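A.B. asks: Pasting in a structure now, in structure tokens, and then I'll have a few things to ask.
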């Protein structure tokens, strides 16, 4: 079945780059997403990438997609203490058979930024 | 100011009691979702609704019930049949015409069963 895997924890120093990795199983996903969750809050969409793209950049965020290896990564440049949060990777399921709109989420990676 | 609201933020209940969590959205989205979040397990889908008066079970529907009588509202009832209801519950919505399938989340309700 569909599955999305992430490492659970990453610790970096303020000012360094952070790279959060994700692997997924469903090669027919059309979009993949990165969400951010701050303590006690809901999920906030950071960015998404269309499956035909290799890279997407948005200010300090760079998303890389290797569709052959089913690997997605999120790079945060110049990581700040305010970036400390849980980051979730997700993929959408192919439309049809009642799957329209459904997303599959990874377990989340806790990013700790040390001053 | 469009968005999704969930209430209450914290909820305490005694074991054996049913409890209803509220989710309201003014984004005019057709689809709404309920997720349960436990530490280290990510988000698991409880129920979802793609249109008013219709809903489907997700991966962990046992012990939960929902209704979708209005487009903007999708309440979740945690029944006494749910064996381990203490968790963080998240509601989300999406626009069926949005080809990106992006879901937008509410702030969550933390349910603690004593």
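Protein chains in written order, with my numbering: chain A, 1 to 115; chain B, 1 to 114. C-beta atoms are modelled at their ideal positions from N, C-alpha and C, and glycine is treated no differently. Values in this document were obtained by computation on a predicted structure and should not be read as measured data.
1. Comparing the C-beta of residue 87 of chain B with each C-beta of chain A, is any distance below 8 Å?
2. Name the chain B residues that come within less than 9 Å of residue 57 of chain A, Cβ to Cβ?
3. Using a C-beta cutoff of 8 Å, does residue 101 of chain B count as contacting chain A?
4. Beta-carbon of residue 105 of chain B versus every beta-carbon of chain A: anything under 8 Å?
5. Quick one: measure Cβ to Cβ for residue 61 of chain A and residue 72 of chain A, integer angstroms, because I've assumed they're closer than 8 Å.
6. So, are the CB atoms of residue 6 of chain A and residue 21 of chain A less than 8 Å apart?
7. Assign residue 30 of chain A to one of three DSSP states: helix, strand, or coil.
8. What does residue 78 of chain B pair with, by DSSP beta-bridge criteria?
9. When the Cβ atoms of the segment 71-78 of chain B are set against those of the segment 11-29 of chain B, are three or more pairs found closer than 8 Å?
10. For the candidate residues A/35, A/25, A/27, A/19, whose alpha-carbon lies nearest to that of residue 86 of chain A?
11. Please classify residue 32 of chain B as buried or exposed, where buried requires at least 16 neighbouring CB atoms within 10 angstroms.
12. Name the chain A residues that come within less than 7 Å of residue 41 of chain B, Cβ to Cβ?
13. In chain A, what lies closer than 8 Å to residue 90 of chain B by C-beta?
14. Helix, strand or coil for residue 116 of chain A? Go by DSSP, reduced to three states.
15. Mind checking who residue 24 of chain B pairs with in its DSSP beta bridge?
16. Are the beta-carbon atoms of residue 60 of chain B and residue 36 of chain B separated by less than 8 Å?
17. Taking only beta-carbon positions, decide if residue 31 of chain B is within less than 8 Å of chain A.
18. Just curious, the beta strand (DSSP E) that residue 51 of chain A is in, first and last residue?
19. Please confirm if residue 36 of chain B has its CB atom under 8 Å from at least one CB of chain A.
C.D. replies: Let me lay it out:
1. Stepping through the second chain from its first residue, residue 87 of chain B is reached at position 87. So no, residue 87 of chain B is outside the interface.
2. Translated into the one-based positions of the first chain, residue 57 of chain A becomes position 57. Chain B residues near residue 57 of chain A: none, gap ~18 Å exceeds 9 Å.
3. Taking the first residue of the second chain as 1, we reach residue 101 of chain B at position 101. Taking Cβ atoms only, chain A reaches closer than 8 Å to residue 101 of chain B, which makes this a yes.
4. For the purposes of this step, residue 105 of chain B is taken as residue 105 along the second chain, with counting starting at 1. Cβ-Cβ to chain A under 8 Å: yes for residue 105 of chain B.
5. To locate residue 61 of chain A, count along the first chain from 1; it is residue 61. To locate residue 72 of chain A, count along the first chain from 1; it is residue 72. Contact flag wrong, Cβ pair sits at about 13 Å.
6. Along the first chain, read from residue 1 onward, the residue named residue 6 of chain A stands at position 6. Along the first chain, read from residue 1 onward, the residue named residue 21 of chain A stands at position 21. For the pair residue 6 of chain A and residue 21 of chain A, the CB atoms are nearer than the 8 Å cut-off.
7. The residue you call residue 30 of chain A lines up with position 30 of the first chain. Of the three classes helix, strand and coil, the one that applies to residue 30 of chain A here is coil, per DSSP.
8. Counting from 1 along the second chain, the entry for residue 78 of chain B is found at position 78. Looking at the DSSP assignment, residue 78 of chain B forms a beta bridge with B/19, B/64.
9. Enough Cβ pairs lie closer than 8 Å, so yes.
10. The count along the first chain starts at 1 and reaches residue 86 of chain A at position 86. The option with the nearest alpha carbon to residue 86 of chain A is A/35.
11. Here residue 32 of chain B refers to the residue found at position 32 of the second chain. Sixteen is the threshold: when 16 or more other Cβ atoms of the shown chains lie within 10 Å of the Cβ of residue 32 of chain B, as they do, the residue is buried.
12. By one-based count along the second chain, residue 41 of chain B stands at place 41. Ordered by position in chain A, the residues that pass the 7 Å Cβ test against residue 41 of chain B are 107.
13. Position 90 of the second chain holds residue 90 of chain B. Neighbours of residue 90 of chain B on chain A, chain order: 42, 43.
14. The displayed coordinates of chain A run from 1 to 115. Any statement about residue 116 of chain A would go beyond what the structure contains.
15. Looking up residue 24 of chain B in the second chain gives position 24. According to DSSP, residue 24 of chain B bridges with B/5, B/73.
16. In the second chain, the residue the question calls residue 60 of chain B occupies position 60. In the second chain, the residue the question calls residue 36 of chain B occupies position 36. Result yes, Cβ atoms of residue 60 of chain B and residue 36 of chain B sit closer than 8 Å.
17. In the second chain, the residue the question calls residue 31 of chain B occupies position 31. With 8 Å as the cut-off, residue 31 of chain B counts as an interface residue toward chain A.
18. If you number the first chain from 1, residue 51 of chain A lands on position 51. Taken as a continuous stretch (DSSP letters only), residue 51 of chain A belongs to no beta strand (DSSP E), as it is neither H nor E.
19. Within the second chain, numbered from 1, the residue matching residue 36 of chain B stands at position 36. With 8 Å as the cut-off, residue 36 of chain B does not count as an interface residue toward chain A.
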